[in-house]
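Here the working numbering is used: the first residue of the sequence shown is 857, the next is one more, and so on.
Just so you know, even glycine gets a beta-carbon here, dropped at the ideal spot from N, CA and C.
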Amino acid sequence: PPGMKSVIFIDDFNMPEVEEYGAQPPVELVRQLLANGGWYDLVEKSRPFRTVVDTCVVAAMGPAGGGRNNITPRMLRHFSL
857 PPGMKSVIFI DDFNMPEVEE YGAQPPVELV RQLLANGGWY DLVEKSRPFR TVVDTCVVAA
917 MGPAGGGRNN ITPRMLRHFS L
């Protein structure tokens, strides 16, 4: 709602499986939010880009290994460690 702020918490951020081209599609959707400020809506043609405002993204992850994967530097640059 307008005038409110929100926090998105993502736990086990590095759990998505790496596909054959090295990408992690769920992580790439979060990267698009952080880099571009929203997502593209392919259904509604009158407003193709949905802007997300007043939102903070917080993520937690464990060390790589045991089913956890490395996160690309392209994604990590959006976070403070």
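Which runs of the alpha helix (DSSP H) at least 4 residues long sit entirely within the stretch 861 to 931? Give them in chain order.
Listed in chain order, the alpha helix (DSSP H) runs fully inside the stretch 861 to 931 are 881 to 892, counting runs of at least 4 residues.
Indicate, with yes or no, if the ligand FAD has a heavy atom lying under 8 Å from the CB of Glu876.
Because no ligand of any kind appears in the structure shown, any question about the ligand FAD cannot be addressed here.
Assuming Val863 and Cys912 make a contact with CB atoms under 8 Å, what is their CB distance in whole Å?
At roughly 5 Å, the Cβ-Cβ gap stays under 8 Å, so Val863 and Cys912 are in contact.
From Val883 to Pro858, what does the alpha carbon distance come to, in whole angstroms?
Each residue's Cα considered, the two are about 27 Å apart.
Would you call the CB atoms of Phe869 and Val886 closer than 9 Å?
Contact: yes.
Own chain, CB closer than 7 Å to Phe935, minus 5 neighbours either side, in chain order
The beta carbon of Phe935 sits closer than 7 Å to the beta carbons of Ala915 from its chain, once the five residues preceding and following it are set aside; these are given in chain order.
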